[in-house]
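Asker: Could you have a look at this structure, given as structure tokens, before my questions?
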Amino acid sequence: MAAPMISTAFSPGRRRPGVQPANSLCASVFLGVLSLLSICGPAAAQDSFSADVVLVVDTSRSMLEPGMDPERTSLLVSKLFSDIVPGKLAVLRLMSAGQDKDAVGMVQTGEFQPCREDPSQNCSGYTLPPEKQRELAEGRIRVGEKLRPQRGSAAFKSELDQHLEPVANSSYFGYSFATAGSIFEQNRAEDPDRPQVLIWLSDGRAEDWESAKQTLKKLQSEGVGIEAIVFGRGSTDQAAEAGLPRRTTTGPAELMSAFADAFRRVVRAPFRADSRVSAKPRFSMKPEIEEAWVVIFGDTTLSRASVVGPSGEVLANFAEDQQPRAGAYKVAYLSKPTPGDWEVRASGGGADVSYAVIERSSLAPFLLEPRSVIAGVPSTLVVALRSSEGGADIRPADLGEDVKMEARFEGQTVELRDDGVAPDATAGDGRFAATITLAQPGQTTVRVRASNSFIDRSNEGVIEVSGMFRYTGGPVALDFGSLKAGEQACLPLVFSAEHVGSVPLELKALEALPSGHALELHAVGGATRPGGEALLIGPADEKQLCLVTERRAPSSSSDGRRWAEIRMRGREDAEAAVPLELTWQVEGLSFWELYKWWILGILGFLVLAFILYGFIKPHNFPRELALIYVPELADLEDNLPQPIRSWKGTGKGWYRNAQAYLTPDFRITGSKKGALVSLEAVGARSVLVKGLGGGLYRDGGDGDWDEVPEQGRRIRGGELYRIGERGPFFQTATRMGR
């Protein structure tokens, strides 16, 4: 985004436009804004009502032009806000290079150009760095704010004279709206339920409209109410584009009407009236009004004002002020006023002295009918808008605007109508109707909501929902036939009963079933067993009774025995139950049928273990066991020992220890055929040597040769053996070497 150029007057002695006398336009603007102010109500009398209001005032030099706001009516409006608004109040002016250049980080360009608001003057140019633009657009830097310390602060009102001085040479509202958003966000954290309203007083022409529009939309999405007040010959196009209510200042009567409507939207007040005092001084105060404001506005000659009604005279001294050339206002506040005709009286104020009345009542929708229904049976829901449960029905004609009435219950929403079309009895009588069907017995909460442009209220009512179930027939016989343990059988459950609506039916056991046997009731809502939850079942819902058996269930039989009944939960009388006489033949499983998979599994495991153990149990030759096998004794010195495990076929087998055989051709093999000597691994480090028919001798030392027993002997490393009487010879070793 290009950095905006902000200009400030180069010539300090700029002449202001000619002063125009106060006129009816000022009155219109002022009274219209007063209507909006009433959102907050009188602080002293309304401690329970608190609002969060931000007033954005156009302080550009163009507002001094004739037909705009040369009388500075906006200043008087701001002071009125300070006098009467309870809660939070902030008054924002436009950003000005002369006032804000240091606070917002403006950089002077060194160039001079004609001022936007007054081309006859030269202004020095300023620019905003991009990072400062972002901070301003996001509300992280607040511009032009003045926060009221407390209601009616004289010091605050005095400071507004300078704060709202129309000296800005541009109309950048986007940054002001962002500042308002930051204020609202901060206040929302303190009290999220407090209504928030932004009032925009201007000529309707924001120079930064695209960014300003986006900020306004963001505020609206956050629940902020926005009212745009366009002065005199200003434009309403931008306000219309943003979807804002368009308030113009074309005349006192028209503006009083528009602002009265705007005010009641914000406070959700159902009734209003406005007029010139000279044309129609009387207005009607509706019954059960909680509070009312009467705003009287005229020129500065307005010296006294009051309202007179059935309960006497009330002076308009709740709030008052005046501004030279702008006019004067007086406010009367009435708490719980007496209904009837009231009259506005004013001394002075000029020929166009006017008034607006806002009557607030906490209207809410109330459930009138029905109080009780039968589940599943259609009934007519009737709701009326009232100020209290026992109050009079408020007709749409009394409000001047249609009301949308909705009811929410059991997860569904229906719209109620007051148009005389069935089920509504009479059009426009204030009683809204719709046809509903409640399905769940018990207490059902119905939430009703009434809404239009100035009402959005909800309320709750409770309807007792009962179902009807009466059975006078005999027992229902069901034959499940023959089944084996572990199986289940289901049969349709059909009986004739007086059944209206969905009622809670449960399965109740009359006798304990054999072990491993269970009964289940199945319906649209699921399944239940004796002692479980009841099912909501309607007259047309299909029902099934199931006999469920476990695999370990013993053999059993039943011949029309009354094991259980279907009963409406919460009732103990005989007509609330359907007796069930059940027949079945259950054949228990044999030992083999019950345990065959266990047996087969165990056998399979044993076979697998046996196979695996056949490879684990046998012994291998020690890795370090080697021998020298030669034909002559003298050849031992010329040969190196060879590891037995290096010879093919000498490893262990399935349930067979490792074996090696010495053959006549001086080889070591795994085959016994024709072998002279056998070696067998009989332990982790133990080897048995045997002769195979030709005699085997061990060198005993000193030239003696000891014959090896027929069953063999365990060899040791370094031993010398002779095969037969003359050889060949072999010597064992425990490592590669002798």
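Going by our numbering, the first residue of the sequence shown is number 19, and it counts up by one from there.
For each residue, glycine too, the CB sits at the ideal point set by N, CA and C.
From a predicted model like this one, the values you see are computed outputs, not experimental measurements.
Do the CB positions of residue 366 and residue 321 come within less than 8 angstroms of each other?
Answerer: Taking the first residue of the sequence shown as 1, we reach residue 366 at position 348. Taking the first residue of the sequence shown as 1, we reach residue 321 at position 303. A contact, by the Cβ cut-off of 8 angstroms.
Asker: Ignore the nearest five residues each way along the sequence and tell me which others in residue 375's own chain have a CB closer than 6 angstroms to its CB.
Answerer: If you number the sequence shown from 1, residue 375 lands on position 357. So the list reads 291, 301 and 312, once near-sequence residues are dropped.
Asker: In angstroms with no decimal places, state the Cα-to-Cα distance between residue 743 and residue 733.
Answerer: Counting from one through the sequence shown, the residue named residue 743 turns up at place 725. Counting from one through the sequence shown, the residue named residue 733 turns up at place 715. Going from the Cα of residue 743 to the Cα of residue 733 covers about 20 angstroms.
Asker: I want to know whether the region 381-392 touches the region 403-417 - three or more CB-CB distances under 8 angstroms.
Answerer: yes
Asker: So the candidates are 498, 580 and 664; which of them puts its Cα closest to the Cα of residue 605?
Answerer: Within the sequence shown, the letter at position 587 stands for residue 605. Of the listed residues, the one whose Cα sits closest to residue 605 is 498.
Asker: For residue 79, which option in 116, 95 and 601 has the closest C-alpha, if you only look at C-alpha atoms?
Answerer: Here the question's residue 79 lines up with position 61 in the sequence shown. Check the Cα spacing between residue 79 and each of 116, 95 and 601: the tightest is with 116.
Asker: Per DSSP, residue 477 is paired with what?
Answerer: Translated into the one-based positions of the sequence shown, residue 477 becomes position 459. Answer is 466.
Asker: Taking 7 angstroms as the limit between beta carbons, can you name the residues of its chain near residue 491, skipping five residues before and five after?
Answerer: Position 473 of the sequence shown, counted from the first residue, corresponds to residue 491. So the qualifying residues of the chain are 513 and 514.
Asker: Nearest to residue 677 by CA position, among 82, 692 and 698, is which residue?
Answerer: In the sequence shown, counting from the first residue as 1, residue 677 sits at position 659. Nearest option by C-alpha distance: 698.
Asker: Using 8 angstroms as the threshold, is the C-beta distance between residue 706 and residue 730 below it?
Answerer: Your numbering for residue 706 matches position 688 in the sequence shown. Your numbering for residue 730 matches position 712 in the sequence shown. Cβ atoms of residue 706 and residue 730: closer than 8 angstroms.
Asker: Ignore the nearest five residues each way along the sequence and tell me which others in residue 481's own chain have a CB closer than 7 angstroms to its CB.
Answerer: Within the sequence shown, numbered from 1, the residue matching residue 481 stands at position 463. Taken in chain order, the residues that qualify are 388, 389, 390, 391, 456, 462 and 464.
Asker: Looking at the secondary structure, which residues open and close the alpha helix (DSSP H) in which residue 414 lies?
Answerer: The residue you call residue 414 lines up with position 396 of the sequence shown. First-last of the alpha helix (DSSP H) with residue 414: 414-417.
Asker: If I follow the unbroken alpha helix (DSSP H) through residue 764, where does it start and stop?
Answerer: Past the boundaries of the shown model lies residue 764; the chain is included only from 19 to 756, so the question cannot be answered.
Asker: So, is residue 228 buried or exposed, given that buried needs 16 or more other C-beta atoms within 10 angstroms?
Answerer: Against the sequence shown, residue 228 aligns to sequence position 210. Taking a 10 Å sphere around the C-beta of residue 228, we find fewer than 16 other C-beta atoms and assign the residue as exposed.
Asker: Which of the three DSSP states is assigned to residue 303 in this structure?
Answerer: For the purposes of this step, residue 303 is identified with residue 285 of the sequence shown, where counting begins at 1. Strand, per DSSP.
Asker: What does a CB cutoff of less than 7 angstroms around residue 107 pick up in its chain, not counting 5 residues either side in sequence?
Answerer: Sequence index remark: in the sequence shown, residue 107 carries index 89 (1-based). So the list reads 71, 99, 100 and 166, once near-sequence residues are dropped.
Asker: Since residue 91 is in the beta strand (DSSP E), which residue starts that stretch and which ends it?
Answerer: Position 73 of the sequence shown, counting from 1, holds the residue named residue 91. First-last for residue 91: 91-102, but that is the alpha helix (DSSP H), not the beta strand (DSSP E).
Asker: Am I right that residue 527 and residue 582 are in contact with their C-beta atoms under 8 angstroms? What's the rounded C-beta distance?
Answerer: Stepping through the sequence shown from its first residue, residue 527 is reached at position 509. Stepping through the sequence shown from its first residue, residue 582 is reached at position 564. The Cβ separation is near 5 angstroms, so the contact holds.
Asker: Please state whether DSSP places residue 422 in a helix, a strand or coil.
Answerer: Against the sequence shown, residue 422 aligns to sequence position 404. Reduced to three states, the DSSP call for residue 422 is strand.
Asker: Please work out which residues of its chain come closer than 6 angstroms, Cβ to Cβ, to residue 371, disregarding the five sequence neighbours upstream and downstream, and give them in chain order.
Answerer: Numbered from its first residue, the sequence shown carries residue 371 at position 353. Excluding positions up to five away in sequence, the list reads 295, 316 and 364.
Asker: Would you kindly report the start and end of the unbroken beta strand (DSSP E) that includes residue 637?
Answerer: Your numbering for residue 637 matches position 619 in the sequence shown. From DSSP, residue 637 is part of no beta strand (DSSP E); its letter is neither H nor E.
Asker: Based on the DSSP secondary-structure assignment, which residues constitute the bridge partners of residue 330?
Answerer: As a first step, residue 330 is located in the sequence shown; it is residue number 312 there, counting from the start. Partner(s): 327.
Asker: Sorted by chain position, which residues of the same chain lie with C-beta nearer than 7 angstroms to residue 168's C-beta, five sequence neighbours on each side aside?
Answerer: On the sequence shown, residue 168 is found 150 positions in, with the first residue counted as 1. Once the five neighbours on either side are set aside, residue 168 has no close Cβ partner at all.
Asker: Is the CB-CB distance between residue 225 and residue 189 below 8 angstroms?
Answerer: Counting from one through the sequence shown, the residue named residue 225 turns up at place 207. Counting from one through the sequence shown, the residue named residue 189 turns up at place 171. By the CB criterion at 8 angstroms, residue 225 and residue 189 fall inside the cutoff.
Asker: Going by CA-CA distance only, name the one from 740, 708, 477 and 738 that's closest to residue 727.
Answerer: By one-based count along the sequence shown, residue 727 stands at place 709. Among 740, 708, 477 and 738, the Cα nearest to that of residue 727 is on 708.
Asker: Report the three-state DSSP secondary structure of residue 454 (helix, strand or coil).
Answerer: Taking the first residue of the sequence shown as position 1, residue 454 is located at position 436. Residue 454 falls in the strand class under three-state DSSP.
Asker: Alpha carbon to alpha carbon, how far is residue 39 from residue 145?
Answerer: Within the sequence shown, residue 39 is the residue found at index 21, counting from 1. Within the sequence shown, residue 145 is the residue found at index 127, counting from 1. Because the pLDDT of residue 39 is 41, which lies under 50, any placement of that residue in the model is unreliable, and the number read from its coordinates should be weighed accordingly. One alpha carbon belongs to residue 39, the other to residue 145, and they sit about 38 angstroms apart.
Asker: Report the CB separation of residue 586 from residue 522 in whole angstroms; it is logged as a contact under 8 angstroms.
Answerer: Residue numbering aside, residue 586 sits at position 568 when the sequence shown is read from its first letter. Residue numbering aside, residue 522 sits at position 504 when the sequence shown is read from its first letter. About 7 angstroms; that satisfies the 8 angstroms criterion.
Asker: Give a yes or no on whether the C-beta atoms belonging to residue 394 and residue 550 are separated by under 8 angstroms.
Answerer: Working through the sequence shown from its first residue, we reach residue 394 at position 376. Working through the sequence shown from its first residue, we reach residue 550 at position 532. No. Outside cutoff.
Asker: For residue 2, which residues of its own chain have a beta-carbon under 6 angstroms away from its beta-carbon, when the five flanking residues on both sides are left out?
Answerer: In the structure as shown, the chain starts at 19 and stops at 756, and residue 2 therefore has no counterpart that could be examined.
Asker: Using the C-alpha atoms, what's the distance from residue 665 back to residue 649?
Answerer: Residue numbering aside, residue 649 sits at position 631 when the sequence shown is read from its first letter. Residue numbering aside, residue 665 sits at position 647 when the sequence shown is read from its first letter. So the alpha carbons of these two residues sit roughly 19 angstroms apart.
Asker: Helix, strand or coil for residue 632 per DSSP?
Answerer: Stepping through the sequence shown from its first residue, residue 632 is reached at position 614. Looking at residue 632 - three-state DSSP - the assignment turns out to be helix.
Asker: Determine the contact status of residue 570 and residue 534, defining contact as a CB-CB distance below 8 angstroms.
Answerer: Residue 570 sits at position 552 when you count from the first residue of the sequence shown. Residue 534 sits at position 516 when you count from the first residue of the sequence shown. Yes.
Asker: Out of curiosity, what's the CA-to-CA distance linking residue 231 and residue 475?
Answerer: Within the sequence shown, numbered from 1, the residue matching residue 231 stands at position 213. Within the sequence shown, numbered from 1, the residue matching residue 475 stands at position 457. Inter-residue distance for residue 231 and residue 475 is about 29 angstroms (C-alpha atoms, whole angstroms).
Asker: Hey, out of 573, 91, 120 and 672, whose CA is closest to residue 627's CA?
Answerer: As a position in the sequence shown, residue 627 is number 609, starting the count at 1. That would be 672, whose Cα lies nearest to the Cα of residue 627.
Asker: Using the C-alpha atoms, what's the distance from residue 657 back to residue 646?
Answerer: In the sequence shown, residue 646 corresponds to position 628, counting from 1. In the sequence shown, residue 657 corresponds to position 639, counting from 1. Going by the C-alpha atoms only, they are around 7 angstroms apart.
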